[in-house]
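**Student:**
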């Protein structure tokens, strides 16, 4: 590399100069946006509790049907499922992990166990979960119709965008609406299959299918959501209002 003096005595590089053109800037911006979109998409699993959260909500149903087949007693099966849910909560508390999904599992199992023991019908253990699935799908569908998609509401605080997608990021709003409809369709498969079985009183088939349809549909819905958000515009971080600086004690006031 050689250096020569320009008029005025300023050195100028003749060889090896690196120039950054508009194409480089555009490529860098595209890479930045792609990375931001991927980071936001990766929060999907976190928002829904990950595999651990799904296991916490699925295993009690498996324990119920296994125990019922062994003992043929509704109360024994109900207490076994409830006890396992309680152990999940204790384990999470001991590890200082979030207990949101574990508590959700305990709440659902407790209601199902109470109803099953009251009626003496083992299939009633699964009734609250079936009703929850129906209400879940209805809530998601309504939120998408009114342009307040629940996927965006849930992911906004996780990605740091809060509700900027609502007015400042129309492309991301459209992605959240699309992802919410995907959840309606995928998660709607469960009640469509399981509700008719509930009315046949075939506890074994209902129980095993309930377990089988616990994790796979949710994983599929998460994957579809991840793919949609991967192609969506990156989130616009919410700007929090800065608190006014406090004046030191004794400062003169106008």
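In the numbering used here, the protein residues as written are 505 to 758. Even for Gly, the Cβ is constructed at its ideal location relative to N, Cα and C.
Use the C-beta contact count for residue 589: other C-beta atoms within 10 angstroms, 16 or more gives buried, fewer gives exposed.
**Tutor:** For the purposes of this step, residue 589 is identified with residue 85 of the chain shown, where counting begins at 1. By the 10 Å Cβ count, residue 589 comes out buried.
**Student:** Mapping the DSSP letters down to three states, classify residue 568 as helix, strand or coil.
**Tutor:** As a first step, residue 568 is located in the chain shown; it is residue number 64 there, counting from the start. The answer is helix: DSSP assigns residue 568 an H, G or I state.
**Student:** Would you check if there are 3 or more beta carbon pairs closer than 8 Å linking the stretch 704–715 to the stretch 664–671?
**Tutor:** no
**Student:** Using only CA atoms, which one of 651, 719, 672 and 659 lies nearest to residue 681?
**Tutor:** For the purposes of this step, residue 681 is taken as the residue at position 177 of the chain shown. Nearest C-alpha to residue 681: 651.
**Student:** Could you give the residue range of the alpha helix (DSSP H) that holds residue 722?
**Tutor:** On the chain shown, residue 722 is found 218 positions in, with the first residue counted as 1. Start and end: 720–734.
**Student:** Residue 675 and residue 736: beta carbons closer than 8 Å?
**Tutor:** Against the chain shown, residue 675 aligns to sequence position 171. Against the chain shown, residue 736 aligns to sequence position 232. Taking 8 Å as the Cβ cut-off, residue 675 and residue 736 qualify as a contacting pair.
**Student:** Mapping DSSP to helix, strand and coil, what is residue 737?
**Tutor:** Counted from its first residue, the chain shown places residue 737 at position 233. Here residue 737 sits in coil by DSSP.
**Student:** Just mark residue 694 as buried or exposed, buried being the case when its beta carbon has 16 or more other beta carbons within 10 Å.
**Tutor:** As a first step, residue 694 is located in the chain shown; it is residue number 190 there, counting from the start. It is buried - the Cβ of residue 694 has at least 16 other Cβ atoms within 10 Å.
**Student:** Only counting the same chain, and skipping five residues up and downstream in sequence, which positions put a Cβ closer than 7 Å to that of residue 742?
**Tutor:** If you number the chain shown from 1, residue 742 lands on position 238. 664, 665, 666 and 668.
**Student:** Assign residue 644 to one of two classes, buried (16 or more other C-beta atoms within 10 Å of its C-beta) or exposed (fewer than that).
**Tutor:** As a first step, residue 644 must be located in the chain shown, where it is residue number 140. Under this definition residue 644 is a buried residue.
**Student:** Within a Cβ cutoff of 6 Å, which residues of the same chain sit near residue 697, ignoring the five residues on either side of it in sequence?
**Tutor:** To locate residue 697, count along the chain shown from 1; it is residue 193. Answer for residue 697: no residue qualifies.
**Student:** Mind reading off the beta-carbon distance from residue 759 to residue 733? Whole number of angstroms is fine, and I expect it under 8 Å.
**Tutor:** This structure gives no information on residue 759, because the portion of the chain shown stretches from 505 to 758.
**Student:** Please check the pair residue 655 and residue 729, which I expect to be a contact at CB under 8 Å, by giving their CB distance rounded to whole angstroms.
**Tutor:** Working through the chain shown from its first residue, we reach residue 655 at position 151. Working through the chain shown from its first residue, we reach residue 729 at position 225. Right, the Cβ-Cβ distance comes to about 6 Å (below 8 Å), so this counts as a contact.
**Student:** Would you say residue 617 and residue 626 are within 8 Å of each other, going by their C-beta atoms?
**Tutor:** Within the chain shown, numbered from 1, the residue matching residue 617 stands at position 113. Within the chain shown, numbered from 1, the residue matching residue 626 stands at position 122. Not a contact, by the Cβ cut-off of 8 Å.
**Student:** Assuming residue 691 and residue 725 are in contact, meaning their beta carbons sit under 8 Å apart, how far apart are those beta carbons, in whole angstroms?
**Tutor:** Numbered from 1 along the chain shown, position 187 holds the residue referred to as residue 691. Numbered from 1 along the chain shown, position 221 holds the residue referred to as residue 725. The Cβ separation is near 6 Å, so the contact holds.
**Student:** Buried or exposed for residue 612, going by 16 or more other Cβ atoms inside 10 Å?
**Tutor:** Position 108 of the chain shown, counting from 1, holds the residue named residue 612. The residue is buried, with at least 16 neighbouring Cβ atoms inside 10 Å.
**Student:** With a 10 Å radius around its C-beta and 16 neighbouring C-beta atoms as the bar for buried, classify residue 639 as buried or exposed.
**Tutor:** Residue 639 sits at position 135 when you count from the first residue of the chain shown. So residue 639 counts as exposed.
**Student:** Out of 722, 739, 598 and 658, state which residue places its alpha-carbon closest to the alpha-carbon of residue 501.
**Tutor:** Residue 501 is absent from the structure shown; the chain starts at 505 and stops at 758.
**Student:** From residue 740 to residue 660, what distance separates their C-alpha atoms?
**Tutor:** In the chain shown, the residue the question calls residue 740 occupies position 236. In the chain shown, the residue the question calls residue 660 occupies position 156. Approximately 10 Å between the Cα atoms of the pair.
**Student:** Output the distance between the C-alpha atoms of residue 571 and residue 624, rounded to the nearest integer angstrom.
**Tutor:** As a position in the chain shown, residue 571 is number 67, starting the count at 1. As a position in the chain shown, residue 624 is number 120, starting the count at 1. C-alpha separation (whole angstroms): 15 Å.
**Student:** Can you find the residues in the same chain that come closer than 7 Å, C-beta to C-beta, to residue 634, ignoring five residues on each side of it along the sequence?
**Tutor:** Here residue 634 is taken as the residue at index 130 of the chain shown, counted from 1. Here the set comprises 695, 698, 699 and 702.
**Student:** Quick one: Cα of residue 595 to Cα of residue 657, how far?
**Tutor:** Mapped onto the chain shown, residue 595 falls at position 91. Mapped onto the chain shown, residue 657 falls at position 153. Going by the C-alpha atoms only, they are around 29 Å apart.
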